[in-house]
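So the sequence shown is numbered by our numbering: it starts at 71 and just counts up by one.
Even glycine gets a Cβ: it sits at the ideal position worked out from N, Cα and C.
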Amino acid sequence: MHPAVNSVAIVPVGVTKYRDGLYPLRPYTKEEAGAVIDLVEAFGAASLKERGTTLAWCSDEFYLLADRPLPEKSYYEDMEQLENGVGMLRLLLSQATMAMEDLSPDDEASPFAIATGVSAAPFLQQVTDLLQERCPKIHGHVFPIHNHFFGETITVSGLITGKDLIEQLRGQDLGERLLLPSCMLRAGEHVFLDDVTVEQVEKALGTSILIVPADSGFDLIDTIMGLDVELPHFALPPEDEYYRYNPGN
Numbered sequence: 071m072h073p074a075v076n077s078v079a080i081v082p083v084g085v086t087k088y089r090d091g092l093y094p095l096r097p098y099t100k101e102e103a104g105a106v107i108d109l110v111e112a113f114g115a116a117s118l119k120e121r122g123t124t125l126a127w128c129s130d131e132f133y134l135l136a137d138r139p140l141p142e143k144s145y146y147e148d149m150e151q152l153e154n155g156v157g158m159l160r161l162l163l164s165q166a167t168m169a170m171e172d173l174s175p176d177d178e179a180s181p182f183a184i185a186t187g188v189s190a191a192p193f194l195q196q197v198t199d200l201l202q203e204r205c206p207k208i209h210g211h212v213f214p215i216h217n218h219f220f221g222e223t224i225t226v227s228g229l230i231t232g233k234d235l236i237e238q239l240r241g242q243d244l245g246e247r248l249l250l251p252s253c254m255l256r257a258g259e260h261v262f263l264d265d266v267t268v269e270q271v272e273k274a275l276g277t278s279i280l281i282v283p284a285d286s287g288f289d290l291i292d293t294i295m296g297l298d299v300e301l302p303h304f305a306l307p308p309e310d311e312y313y314r315y316n317p318g319n
């Protein structure tokens, strides 16, 4: 169907714990995920020769399941399937590394924490480690959030709920602010999938929350460094000028 279809994302099925009476499904094994990658990459190589585009790509989650390194950024061409998690982690790492080139060892920022899904946590930890190596005065922690709401087979950041954030982060050292990816919130709202609001999470944890665009390493570093970033639009009350919420307000 090319060129009417100009890009395809291959994404593993998400299997929640709510499957009573439904068709039996199970997550991919490591070996099965690797076989899917081999199949899709072979198709992509042939398509590139024939059509000038790879056309189909596996999502980052397949590479994580298969315990294989992510392809280089150039492999994803124009990142057409970014919203489906195809190349998102590679783009995040690449942009964050570039953003750090403008920093000096004497740069400082207030202590921070990042909460994310289990699958993305190692990559955000890598970014945090690189930042702390470059700027020793900056301190941050990455917290992988296990999905108790949908089941622990769900590891993506976009399905983390407010209740899980509160239960797993309460009492932790969150520094002076908690960074969350925008994909955790409902589109256009400041509410998590379980109807818990960002303000409620802030009050429960006693810290300020900053929402960061999920696919931008530049915005992640800028937010950590205390710089203004252009954030997704959220339906906030008129009196709120910024996408941050102060405990007690």
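Helix or strand or just coil, what does DSSP make of Ile236? helix
Please classify Val83: does DSSP put it in a helix, a strand, or coil? coil
If you draw a straight line from the C-alpha of Leu152 to the C-alpha of Asp285, how long is it? 8 Å
CA-to-CA distance, Pro206 to Leu200, given in whole angstroms: 10 Å
Ends of the alpha helix (DSSP H) at Ile279? Segment Ser278 to Val282 is the beta strand (DSSP E) holding Ile279; no alpha helix (DSSP H) there.
Tell me where the beta strand (DSSP E) around Ala257 begins and ends. Looking at the DSSP string, Ala257 is not in any beta strand (DSSP E), and its letter there is neither H nor E.
Beta bridge counterpart(s) of Gly187 as assigned by DSSP: Ile215
Considering only the beta carbon of each residue, do Val212 and Thr186 sit closer than 8 Å? Closer than 8 Å, so yes.
Strand pairing of Thr267, partner residues [DSSP]: Val261
Can you list, in chain order, the stretches of the beta strand (DSSP E) that have 3 or more residues and sit fully within the segment 92-159? 126-128
DSSP three-state label for Pro192, please. helix
As assigned by DSSP and simplified to three states, the class of Arg89: In this structure, Arg89 counts as coil in the three-state DSSP scheme.
Which stretch, first to last residue, makes up the alpha helix (DSSP H) that contains Leu290? Gly287 to Ile294
Residue nearest to His29 in terms of C-alpha spacing, selected from Ala74, Asp234 and Leu244: Look at the range of the chain in this structure, 71 to 319, and you will see that residue 29 is not part of it.
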